[in-house]
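Its first residue numbered 357, the sequence shown is counted upward by one per residue in this note's numbering.
Structure first, commentary second.
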Amino acid sequence: MKVLGIETSCDETGVALISDRDGLLAHRLYSQTDLHAVYGGVVPELASRDHVRRLLPLVRAVLDEGGVHGRELDAIAYTGGPGLLGALLTGAAVARSLAWGWEIPALPVHHLEGHLLAPMLEGEFEFPFLVLLVSGGHTQLIHARALGDYELLGESIDDAAGEAFDKTAKLLGLGYPGGPALARLATDGRAGALELPRPMLDRPGLDMSFSGLKTAVLTAVRKGGHAPADVARAFEAAVSETLVEKTRRALKQSHAPALVVAGGVAANATLRAGLERMARERGVPVHFPRAEFCTDNGAMIALAGLRRLQAGCASRAVDADGGPVIQARARWPLAELAG
Ligand code: KG4
Ligand code: ZN
């Protein structure tokens, strides 16, 4: 079985080809970072237009590298949501049109299901497990019982962890996207030079909050007297410790036998080390995606599509006039997948 995966939910154009027998056969990623950097954040209209430019050449390159013709595919999976609507629609239009032309099924994939399955690209493991999903748009603790059966246990009530990294990096005058730049700067910082709050750790429950931390950083920066590297280190420590502690509580509450960490912030070395230590203490195995598959990519969408196809979820939806149905959802709660 071979599935092509297409990711266009934000500012990365990702295309990949996966096989149930041989794993990942080819993958390509085009990042629009340079396009948006001058604006300090993603400009949705520019993102859509660039996906239009990049998609078909990437599809051709991936199929050529995999030695597969479109008609030999078993399905095309694409990110159906959540994300920027215009960007999602470019991927949906290309995926549905190619699938229609090649007479194969097309599968809308939930972007977050893609993220949480990404560690399986490194090797198989079984459900159930707890997921800490930490990206630019989401910070959630999810009990994943089976494919499509996801219970939200807690989430950030304001900024996502990645968003907090990006906004704090901006305060420190670092470029966009700020997460990796802030993490690099933090390696030069001194531990304990500045203490920042650990938001919501004093409260029960699994919800989190990161917007106050950004304000605490702003206050410290305005007051002056702190080296930017020390501020970066203090911020990274506060976010990591908060995430590690909430994850520890979620493991205890859910009795999940394994931990999966996914999303762009899963690439953060301090967070990884903290989670690994905590999981070791609890005797729970922890699975991370490889660094390049933490952030948005086509491989995770191809894998999620393959799993859904194996579970019998493909759709060949056509409009009343016989043309392909092109739809996407900007908002799409993960819990709705069970329905
Ligand atoms: O999952 P992702 O690619 O996009 C979303 O679906 O949101 O995550 C991107 C986020 C950005 O906020 C970026 O700054 C953050 O992940 N990020 C990091 C690191 N690498 C990426 N944050 C902290 N440390 C990193 N090493
Ligand atoms: Zn993402």
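Every residue gets a Cβ at the ideal spot worked out from N, C-alpha and C, and that includes glycine.
Keep in mind the model is a prediction, meaning the values are calculated, not measured.
For the putative contact between residue i and residue j, defined by C-beta atoms under 8 Å, what is the C-beta separation to the nearest angstrom?
{"i": "V621", "j": "F521", "result": "7 Å"}
{"i": "D544", "j": "S365", "result": "D544 to S365, Cβ: 33 Å. No contact."}
{"i": "A537", "j": "L530", "result": "4 Å"}
{"i": "A629", "j": "A539", "result": "Not confirmed; about 12 Å, so no contact."}
{"i": "A542", "j": "G535", "result": "Wrong, their Cβ atoms sit about 11 Å apart, outside the cutoff."}
{"i": "V371", "j": "V418", "result": "5 Å"}
Give every residue of the same chain whose Cβ lies closer than 8 Å to the Cβ of residue i, excluding the five residues on either side of it in the sequence, and list them in chain order.
{"i": "H392", "result": "D367, V398, V399, L402, A403, Y532"}
{"i": "A686", "result": "G437, P438, G439, L440, L441, L444"}
{"i": "A667", "result": "L503, G504"}
{"i": "V640", "result": "L607, A612, P613, A614, L615"}
{"i": "E551", "result": "A590"}
Buried or exposed for residue i, please, with buried defined as at least 16 other CB atoms from any protein chain shown within 10 angstroms of its CB.
{"i": "H425", "result": "exposed"}
{"i": "H611", "result": "exposed"}
{"i": "L390", "result": "Just to set this straight, residue 390 is Asp in the shown sequence, not Leu. The residue is exposed, with fewer than 16 neighbouring Cβ atoms inside 10 Å."}
{"i": "I460", "result": "buried"}
{"i": "G379", "result": "exposed"}
{"i": "K579", "result": "exposed"}
{"i": "R546", "result": "exposed"}
{"i": "P689", "result": "exposed"}
{"i": "F483", "result": "exposed"}
{"i": "F591", "result": "buried"}
{"i": "G581", "result": "exposed"}
Once the 5 residues before and after residue i are set aside, which same chain residues still bring their CB inside 7 Å of it?
{"i": "I682", "result": "L445, A448, A449, R452"}
{"i": "L662", "result": "M357, V359, I374, D376"}
Between residue i and residue j, what straight-line distance do the alpha-carbon atoms span, to the nearest angstrom?
{"i": "G561", "j": "M357", "result": "42 Å"}
{"i": "F649", "j": "A583", "result": "32 Å"}
{"i": "E632", "j": "H494", "result": "21 Å"}
{"i": "L473", "j": "A502", "result": "11 Å"}
{"i": "T598", "j": "K523", "result": "18 Å"}
{"i": "G492", "j": "A618", "result": "11 Å"}
{"i": "R559", "j": "E363", "result": "37 Å"}
{"i": "M564", "j": "G654", "result": "29 Å"}
{"i": "M761", "j": "I498", "result": "The structure shown does not extend to residue 761, since the chain is modelled only from 357 to 695, so the question has no answer here."}
{"i": "L385", "j": "L414", "result": "8 Å"}
{"i": "P553", "j": "A594", "result": "7 Å"}
{"i": "L329", "j": "R646", "result": "Since the displayed the chain opens at 357 and closes at 695, residue 329 lies outside it and no answer follows."}
{"i": "G510", "j": "G479", "result": "27 Å"}
{"i": "G679", "j": "Q496", "result": "37 Å"}
Only counting the same chain, and skipping five residues up and downstream in sequence, which positions put a Cβ closer than 6 Å to that of residue i?
{"i": "A455", "result": "I432, A462"}
{"i": "A549", "result": "D586"}
{"i": "F485", "result": "A500, A612, A614, V616"}
{"i": "M634", "result": "V600, R604"}
{"i": "V487", "result": "L472, I498, A500, V616"}
Please confirm whether residue i has its beta-carbon closer than 8 Å to some beta-carbon of chain C.
{"i": "D430", "result": "Included in the structure is just one protein chain, with no chain C present."}
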